[in-house]
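Single-structure report; data block below.
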Amino acid sequence: MLNISYLRSARAEAVDRMLRRRADAEALIDALLKADELRRQAQNRFDEAKARLNEQSQRIGSLLREGKKAEAETLKNEVAHLKSAVQEAEARFQEAESHLQELLATTPNLPHPQVKAGRDASDNEIIFSWGQPPDDTGEFLPHWDLARKFQLIDFEAGVKVTGAGFPVYMRQGARLQRALINFFLDEAIQAGYTEYQPPHLVNADSGFGTGQLPDKDGQMYHVTADDLYLIPTAEVPLTNLYRDVILKAEDLPLKLTAYTPCFRREAGSYGKDVRGLNRLHQFDKVEIVQITHPETSYAALEEMLAHVGGLLQKLGLPYRILRLCGGDLGFASAMTYDFETYSTAQKRWLEVSSTSNFETFQAIRMKLRFKDASGKTQPPHTLNGSALALPRIVASLLEFYQEKEVIRLPSVLHPYFGDEAIRL
RNA sequence: GGAGAGAUGCCGGAGUGGUCGAACGGGCCUGACUCGAAAUCAGGUGUUCGCGCAAGCGAACCGGGGGUUCGAAUCCCUCUCUCUCCGCCA
Numbered sequence: 428m429l430n431i432s433y434l435r436s437a438r439a440e441a442v443d444r445m446l447r448r449r450a451d452a453e454a455l456i457d458a459l460l461k462a463d464e465l466r467r468q469a470q471n472r473f474d475e476a477k478a479r480l481n482e483q484s485q486r487i488g489s490l491l492r493e494g495k496k497a498e499a500e501t502l503k504n505e506v507a508h509l510k511s512a513v514q515e516a517e518a519r520f521q522e523a524e525s526h527l528q529e530l531l532a533t534t535p536n537l538p539h540p541q542v543k544a545g546r547d548a549s550d551n552e553i554i555f556s557w558g559q560p561p562d563d564t565g566e567f568l569p570h571w572d573l574a575r576k577f578q579l580i581d582f583e584a585g586v587k588v589t590g591a592g593f594p595v596y597m598r599q600g601a602r603l604q605r606a607l608i609n610f611f612l613d614e615a616i617q618a619g620y621t622e623y624q625p626p627h628l629v630n631a632d633s634g635f636g637t638g639q640l641p642d643k644d645g646q647m648y649h650v651t652a653d654d655l656y657l658i659p660t661a662e663v664p665l666t667n668l669y670r671d672v673i674l675k676a677e678d679l680p681l682k683l684t685a686y687t688p689c690f691r692r693e694a695g696s697y698g699k700d701v702r703g704l705n706r707l708h709q710f711d712k713v714e715i716v717q718i719t720h721p722e723t724s725y726a727a728l729e730e731m732l733a734h735v736g737g738l739l740q741k742l743g744l745p746y747r748i749l750r751l752c753g754g755d756l757g758f759a760s761a762m763t764y765d766f767e768t769y770s771t772a773q774k775r776w777l778e779v780s781s782t783s784n785f786e787t788f789q790a791i792r793m794k795l796r797f798k799d800a801s802g803k804t805q806p807p808h809t810l811n812g813s814a815l816a817l818p819r820i821v822a823s824l825l826e827f828y829q830e831k832e833v834i835r836l837p838s839v840l841h842p843y844f845g846d847e848a849i850r851l
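Those letters in the first sequence? Residues 428 to 851, by our numbering.
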């Protein structure tokens with residue numbers, strides 16, 4: 428959620444930032460400012476009406492204490508009209524307040540000034556790449572064929588048991604999943620992240636806190652009987668651990684990590700995008716989250732990029748980093764970097780991590796604050812990143828390391844996998 | 001799932017209609033004493049919003065929401081959560 432007083436004091440800057448993601452930035456910001464103006468007016472009237480009533484109520488109290496019953500009764504009658512004025516002022520205030528809150532809840536974050544304006548993914552900038560994608564003119568089987576050949580994943584069984592997008596991993600395929608999860612978690616712990624195992628279902632307040640609700644309502648699986656949501660990412664339960672918390676400055680930065688399955692409805696997807704492991708309704712991911720002092724959040728973002736890049740380098744997978752343009756940015760993000768590995772057989776890049784700085788957007792939504800050096804409370808910055816999402820890593824690994832009879836795994840995985848290769 | 005009890009500030013714990021943002025104790029901070037510390041003494045110690053250059057003033061918050069009343073932490077309704085007992089259960 429945007430800080431409304433920031434918008435008041437720096438309207439031009441806010442419009443300039445918002446323009447990077449929304450052509451109607453000016454109207455959007457001005458609607459917020461207008462709603463804020465109305466709300467403050469309404470609050471003033473309400474406060475004043477309430478103060479008048481409170482004053483008289485206290486007088487009635489002291490009259491009664493002095494035993495002046497008759498005078499108190501007279502005053503009671505006189506106060507009646509004050510009460511209706513209060514009720515009216517309160518109703519107006521509530522209306523103005525909820526209008527403002529609704530606008531704030533549905534307004535996306537301001538992109539960082541460094542973020543390029545743009546419409547969609549085609550405007551993203553490639554800022555870094557590592558490794559050499561192999562000559563993909565040779566004979567390469569796509570991962571879904573490799574999965575069948577080596578009996579790693581049974582897509583049809585998943586369709587039967589649940590539905591499309593819920594693959595069944597088996598044998599060496601299941602073991603590879605476990606190896607990757609453990610590898611990613613161990614790396615995160617080594618980098619100073621504290622491991623958590625959070626719930627896989629969250630309530631609506633948590634969904635709101637990180638910005639999935641109301642923006643992505645409909646993208647999450649909703650358990651209506653209990654009004655709970657299956658998490659689309661561990662970011663949600665992890666960051667919401669600190670919802671409604673006032674931290675001390677010395678608590679920062681907080682670094683959290685968790686492995687969880689992730690559930691996404693992804694309505695409207697089709698075609699080659701959803702073939703094999705490309706896009707699933709359930710997948711596994713290790714997530715890293717940081718809560719930092721506002722002044723150090725972009726350094727923390729760099730640190731997270733280095734961590735994610737390090738994982739891909741250890742796996743030996745060529746990758747590139749994109750800085751998302753404004754139009755491709757998620758609702759809550761101020762700046763996002765996507766990591767993509769190359770699919771040798773599909774001849775295209777696959778997104779395997781998305782690493783973002785939300786600045787104060789989530790902290791304000793979830794009332795997360797810290798006391799700074801001067802004793803004032805203010806929202807910290809929150810960040811998160813996939814480190815990493817498994818399915819497309821598995822797809823890249825299988826395709827990149829495939830040979831005729833064997834898929835030779837990178838050496839970092841050997842101790843986790845218990846073998847050097849996936850074998851027929 | 002059934003029965004009962006409860007939810008108050010950083011913690012413990014009072015408060016059952018008015019002077020309660022909240023007694024008392026502990027913690028923490030500041031000052032005094034001390035070479036220093038402990039003990040002791042004095043003072044302070046929440047969050048949010050609005051107005052104001054500021055000092056300050058006003059409003060709201062005693063689990064959430066709603067109601068009664070001139071006035072609610074206190075009364076009523078409702079929801080959630082916690083605890084105890086019973087049942088069920090990986």
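From the three backbone atoms N, C-alpha and C, an ideal C-beta is built for every residue, glycine too.
Return helix, strand or coil for residue i, following the three-state DSSP convention.
i: TYR725; result: helix
i: LEU509; result: helix
i: TYR623; result: strand
i: ALA848; result: strand
i: SER852; result: There is no way to answer for residue 852, as the model of the chain reaches only from 428 to 851.
i: LYS503; result: helix
i: PHE593; result: coil
i: LYS712; result: strand
i: ASN705; result: coil
i: ARG819; result: helix
i: ARG796; result: strand
Quick check on the DSSP output: the alpha helix (DSSP H) that includes residue i runs from which residue to which?
i: LYS656; result: One point to set straight first is that residue 656 is Tyr, not Lys, in the sequence displayed. Looking at the DSSP string, TYR656 is not in any alpha helix (DSSP H); the run it does join, the beta strand (DSSP E), is 655-657.
i: GLY488; result: 452-492
i: LEU674; result: Element bounds for LEU674: not the alpha helix (DSSP H) but the beta strand (DSSP E), 673-675.
i: MET445; result: 438-445
i: VAL663; result: 662-667
Locate the beta strand (DSSP E) running through residue i, then write down its first and last residues.
i: PRO688; result: 681-690
i: ASN577; result: For clarity, residue 577 is Phe in the given sequence; the question names Asn instead. From DSSP, PHE577 is part of no beta strand (DSSP E); its letter is neither H nor E.
i: ALA615; result: Note, ALA615: premise wrong, no beta strand (DSSP E); alpha helix (DSSP H) at 598-617.
i: THR383; result: In this structure the chain extends from 428 to 851, so residue 383 is not present and cannot be described.
i: VAL833; result: 833-835
Run the proximity test for residue i: is its beta-carbon closer than 7 Å to any non-hydrogen atom belonging to the ligand ADP?
i: LEU836; result: This structure lacks the ligand ADP; in fact it carries no ligand of any kind.
Within 10 Å of its beta-carbon, does residue i have 16 or more other beta-carbons around it, so buried, or fewer, so exposed?
i: PHE555; result: exposed
i: ASN430; result: buried
i: PRO688; result: exposed
i: ARG691; result: buried
i: THR809; result: buried
i: ARG546; result: exposed
i: LEU851; result: exposed
i: ILE553; result: exposed
i: GLU786; result: buried
i: SER781; result: buried
i: ILE616; result: exposed
i: GLN599; result: buried
i: HIS708; result: buried
i: GLU515; result: exposed
i: GLY592; result: buried
i: TRP415; result: As shown, the chain starts at 428 and ends at 851. That puts residue 415 outside it, with no answer to give.
i: GLN624; result: exposed
i: SER436; result: exposed
i: SER489; result: exposed
i: ALA800; result: exposed
Original post:
Hey, which unbroken runs of the beta strand (DSSP E) at 3 residues or more fall wholly within the region 714-780?
Top reply: 746-750 and 762-770
Subject >> Ranges of the alpha helix (DSSP H) found wholly within the region 625-653, counting only runs of at least 4 >> reply: 631-637
**OP:** Determine, using beta-carbon pairs with one atom in the region 814-822 and one in the region 639-658, whether at least three such pairs fall under 8 Å.
**Re:** No: fewer than three Cβ pairs fall under 8 Å.
Original post:
Residue ranges of each beta strand (DSSP E) run of no fewer than 3 residues wholly in the region 510-590, ordered along the chain?
Top reply: If only uninterrupted beta strand (DSSP E) runs of at least 3 residues are considered, those enclosed by the region 510-590 are 552-557.
Subject >> Given 8 Å, three or more beta-carbon pairs between the region 622-641 and the region 780-793 >> reply: yes
Original post:
Do the region 645-656 and the region 674-681 meet, that is, are 3 or more Cβ pairs less than 8 Å apart?
Top reply: The region 645-656 vs the region 674-681: no contact.
Original post:
Between the region 821-835 and the region 555-575, do at least 3 Cβ pairs fall closer than 8 Å?
Top reply: yes
**OP:** Decide if the region 442-449 is in contact with the region 523-542; the criterion is three or more beta carbon pairs, one per stretch, under 8 Å apart.
**Re:** yes
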